[in-house]
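*Asks:*
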Amino acid sequence: QKEVEQNSGPLSVPEGAIASLNCTYSDRGSQSFFWYRQYSGKSPELIMSIYSNGDKEDGRFTAQLNKASQYVSLLIRDSQPSDSATYLCAVNHIMRGGADGLTFGKGTHLIIQP
Amino acid sequence: NAGVTQTPKFQVLKTGQSMTLQCAQDMNHNSMYWYRQDPGMGLRLIYYSASEGTTDKGEVPNGYNVSRLNKREFSLRLESAAPSQTSVYFCASSDRGLYYEQYFGPGTRLTVT
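Chain order of the listed sequences is A and B. Taking our numbering, the leading residue of the first sequence gets 34, the next gets one more, and so forth. Taking our numbering, the leading residue of the second sequence gets 33, the next gets one more, and so forth.
(1) Does any residue of chain B bring its CB to less than 9 Å from the CB of Ser94(A)?
(2) Out of curiosity, what's the CA-to-CA distance linking Ala34(B) and Tyr135(B)?
(3) When you compare the CB of Leu77(B) with every CB in chain A, is at least one pair closer than 9 Å?
(4) Is the Cβ of Tyr96(B) closer than 9 Å to any Cβ of chain A?
(5) Alpha carbons only, please: which of Ser76(A), Lys35(A), Phe67(A), Tyr58(A) is nearest the one belonging to Tyr121(B)?
(6) If we count the other Cβ atoms within 10 Å of its Cβ and call it buried at 16 or more, is Tyr96(B) buried or exposed?
(7) Name the one or two DSSP bridge partners that Lys89(B) has.
(8) Per DSSP, what kind of secondary structure is Asp116(A) in: helix, strand or coil?
(9) Compare the C-alpha of Val37(A) against each of Gly140(A), Ile145(A), Gly87(A) and name the closest.
(10) Between the segment 48-55 of chain B and the segment 68-75 of chain B, do at least 3 Cβ pairs fall closer than 8 Å?
(11) According to DSSP, simplified to helix, strand and coil, what is Pro115(B)?
(12) Can you look up Arg104(B) in the DSSP assignment and give me helix, strand or coil?
(13) Helix, strand or coil for Gly140(A) per DSSP?
(14) Shorter than 9 Å from the beta carbon of Glu90(A) to some beta carbon of chain B?
(15) Indicate the three-state DSSP secondary structure (helix, strand or coil) for Gly130(A) in the structure shown.
(16) Starting from Tyr135(B), find everything on chain A with Cβ-Cβ shorter than 8 Å and list it in chain order.
(17) Just how far apart, CA to CA, sit Gly62(A) and Cys56(A)?
(18) Using DSSP with H/G/I as helix, E/B as strand and the rest coil, what is Tyr72(A)?
(19) Going by C-alpha to C-alpha distance, which of Asn94(B), Thr145(B), Ala114(B), Cys123(B) sits closest to Pro40(B)?
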């Protein structure tokens, strides 16, 4: 059973601070790792992808991957109230027929306090 | 370039009624997926289509059928709706390649009474 674990939160962070979101996964064969942002009542939106160990930065977002520890994290610098959302961690696996499946965590609810 | 579109946005059904949820993508992606999202359960895969002409069951396929009409369109059918199928349904698509990124449609909020 492939699993992706996240702390459900809520995680409350003051505006302007760094928000740190964490995720662990069980399938050592996974090669691709994603963070999706989901606002209430909306669909998941892909915000970060990471494929190799280390850090990947995109604007205020940094994704970190440690395959040995099976750990993925997302850092949001200079947090804004508009960052308040649920963040879903997703990890790939290959399914029958060669389709690329994703296993999702249940998400961390992030609240940025003005 | 609309990405992934879904219709309808909202639907209310009575138990036993049938309906089809429509999904289309304009990104020339090979793979398409149907998920349901329930509070506390996260996103769960119902069915997927690795490529045009193929479909396969996901984690929670019971009570659903799918059709991959062509490369662009992938529909989900509820033959006899049950209250347990009250959920938000998302369609997604991805290309077959190195990165496996999936892109989601806006969703259909379905209530079965």
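Glycine included, each C-beta is placed from N, C-alpha and C at the ideal position.
*Replies:* From the atom records:
(1) According to the sequence provided, residue 94(A) is Phe. The question's Ser does not apply to it. For Phe94(A), the answer is no, since every Cβ of chain B falls outside 9 Å of its Cβ.
(2) 11 Å
(3) yes
(4) no
(5) Ser76(A)
(6) buried
(7) Tyr79(B)
(8) helix
(9) Gly140(A)
(10) no
(11) helix
(12) coil
(13) coil
(14) no
(15) helix
(16) Leu79
(17) 16 Å
(18) coil
(19) Cys123(B)
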